[in-house]
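Protein chains: 2
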Amino acid sequence: MVEGQKFTVPARKGRAVRLQRGQRIKVINTYGSQVVDTWAFNAADISECMSMEHTRGVIDKMYPEPGEAFVTTHRRPILTVVEDTSSGDHDSLIAACDRYRYELLGVEGHHDNCTDNLAGALAELGLQTPYTPSPFNMFMIKEWGEGLRLTRRPPTSRPGDYVVLRAEMDCVVAVSACPQDIVETNGPDCTPRDVDCEIS
Amino acid sequence: MVEGQKFTVPARKGRAVRLQRGQRIKVINTYGSQVVDTWAFNAADISECMSMEHTRGVIDKMYPEPGEAFVTTHRRPILTVVEDTSSGDHDSLIAACDRYRYELLGVEGHHDNCTDNLAGALAELGLQTPYTPSPFNMFMIKEWGEGLRLTRRPPTSRPGDYVVLRAEMDCVVAVSACPQDIVETNGPDCTPRDVDCEIS
Chain A
0 MVEGQKFTVP
10 ARKGRAVRLQ
20 RGQRIKVINT
30 YGSQVVDTWA
40 FNAADISECM
50 SMEHTRGVID
60 KMYPEPGEAF
70 VTTHRRPILT
80 VVEDTSSGDH
90 DSLIAACDRY
100 RYELLGVEGH
110 HDNCTDNLAG
120 ALAELGLQTP
130 YTPSPFNMFM
140 IKEWGEGLRL
150 TRRPPTSRPG
160 DYVVLRAEMD
170 CVVAVSACPQ
180 DIVETNGPDC
190 TPRDVDCEIS
Chain B
0 MVEGQKFTVP
10 ARKGRAVRLQ
20 RGQRIKVINT
30 YGSQVVDTWA
40 FNAADISECM
50 SMEHTRGVID
60 KMYPEPGEAF
70 VTTHRRPILT
80 VVEDTSSGDH
90 DSLIAACDRY
100 RYELLGVEGH
110 HDNCTDNLAG
120 ALAELGLQTP
130 YTPSPFNMFM
140 IKEWGEGLRL
150 TRRPPTSRPG
160 DYVVLRAEMD
170 CVVAVSACPQ
180 DIVETNGPDC
190 TPRDVDCEIS
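Structure (structure tokens):
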């Protein structure tokens, strides 16, 4: 991507971009409360990808805060969180939505989903992966407590909140404006919305 | 596997077995405090596997308790937790150890690891997967709290504690007696030990 380039990820859709080491992507929750599933892959070897389970083990946290990095399946930094104007509540625990999720919710026929959005976004770059890594779900809240229970809460992010991520290696970053419109993942009005991105 | 069959997974090593729907595997922490990384795959399509991130989303818990099931990447039940005589403290958050983990710990040259153990155990059945799913780490404790911090604790399991898992589809179950001997994952003496299994 060229520095200064801006693009919009339409509601319910995905987009993948190539970043050079040192480049940054700002993901803007333009309308607020939109969850953005996020993935990253080593540009030189797409089988090496950003991994929530490796990151949690390496940094001993649920996910990185500003100044800390996500690591890959090879335990190397790939994306550093540079800035986060939201409440800082995100999710690293839950799989991307997929056709099976919507089937369980009673949907008949096609429903846009983040898993297919990743595949489609990578395909536009001529890439494919053999599986869907667990995503970093920006602005999504799945609260944990003392016991094993996890509790879904609508996002607390406000219009214009953003997260800036810096590439620590040449990589492909993919984002999906989550198409969930049945439960309150994207807020009480269950309405997926556009997300804006800027490269710098 | 034949009902009634018993086998030992040697310390630091892995083993995979085929289970028919309805069969059970009892994983016994024979000497106590040994972490057992556990995976499961649909026998008819190994690309469909037990998924921690899908399970957390489907059951809204960190991991299943007795009577509840792990689901696959297609969100279908694959293994039900039938019985658990341990404290019930396990881990679904952390990746299997791998060569990169031991390199970061300063190990030079080969070190047994759960990722290679899975690959080797599957290879003995003529199978391979394109990636290492995030495992269910039985008896491993990685505590979460109010914030983002995760804290490693030695296992609280006692000699003879066991977990019984029932296959909800014809599947391949793989276990690895974690070879971690540098940090206290397997207890304060940092000594990996054998694990015994029984099929019924």
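One line per chain: the protein sequences are A and B, in this order.
So in numbering that gives the first Met the number 0 the end of the first sequence lands on 199, straight run, no missing numbers.
So in numbering that gives the first Met the number 0 the end of the second sequence lands on 199, straight run, no missing numbers.
Ideal Cβ placement from N, Cα and C applies to all residues, glycine included.
Using a C-beta to C-beta distance shorter than 9 Å, which residues of chain B count as neighbours of residue i?
i, result
"S50 (chain A)", "A94 and S133"
"L103 (chain A)", "V57 and R74"
Just the chain B side, please: which residues come within less than 7 Å of residue i by C-beta, in chain order?
i, result
"W38 (chain A)", "Chain B residues near W38 (chain A): none, gap ~13 Å exceeds 7 Å."
"Y99 (chain A)", "H73 and R74"
"G56 (chain A)", "I93 and A94"
Which stretch, first to last residue, makes up the alpha helix (DSSP H) that contains residue i?
i, result
"Y62 (chain A)", "Unbroken run through Y62 (chain A): none, as it is neither H nor E."
"D115 (chain B)", "C113 to E123"
Just verifying my parser: in three-state terms, what is the DSSP assignment at residue i?
i, result
"A42 (chain B)", "coil"
"T285 (chain A)", "Beyond the ends of chain A as shown, which are 0 and 199, falls residue 285 (chain A); an answer cannot be given."
"T190 (chain B)", "coil"
"L104 (chain B)", "coil"
"R17 (chain B)", "strand"
"E47 (chain B)", "coil"
"R55 (chain A)", "helix"
"T128 (chain B)", "coil"
"R11 (chain A)", "coil"
"T72 (chain B)", "coil"
"E183 (chain B)", "helix"
Please compile the residues from chain A whose C-beta is within a distance smaller than 8 Å of the C-beta of residue i.
i, result
"Y62 (chain B)", "L147"
Can you tell me where the beta strand (DSSP E) holding residue i begins and where it ends?
i, result
"R228 (chain A)", "No information on residue 228 (chain A) is available, as it lies outside the stretch 0 to 199 that chain A covers here."
"E82 (chain B)", "P76 to D83"
"E142 (chain B)", "I140 to W143"
"V174 (chain B)", "C170 to A176"
"N136 (chain A)", "F135 to M137"
"N28 (chain B)", "R23 to N28"
- [ ] Could you tell me whether the stretch 72 to 80 of chain A touches the stretch 40 to 50 of chain A, where touching means 3 or more Cβ pairs closer than 8 Å?
- [x] yes
TODO: Indicate whether the contact test is met: 3 or more Cβ pairs, each with one atom in the stretch 152 to 159 of chain A and one in the stretch 4 to 17 of chain A, closer than 8 Å.
DONE: no
TODO: Residues of the stretch 109 to 137 of chain B with a CB closer than 8 Å to any CB of chain A: list them in chain order, please.
DONE: P129, Y130, T131 and S133
Open item on the list: I'd like to know if the stretch 136 to 151 of chain A and the stretch 49 to 65 of chain B are in contact, where contact means that at least 3 CB-CB pairs between them fall below 8 Å.
Closed with: yes
Task: contact_flag[the stretch 76 to 84 of chain B, the stretch 107 to 127 of chain B] where n(CB pairs < 8 Å) is 3 or more - done: no
Task: Validate contact between the stretch 166 to 178 of chain B and the stretch 160 to 175 of chain A using beta carbons, cut 8 Å, 3 pairs - done: no
Open item on the list: Taking 8 Å as the cut-off, does the stretch 121 to 133 of chain B touch the stretch 18 to 28 of chain B (at least 3 CB pairs, one atom from each stretch)?
Closed with: no
Task: Inter-stretch contact (C-beta, 8 Å, three-pair minimum) for the stretch 86 to 99 of chain B and the stretch 182 to 194 of chain A - done: no
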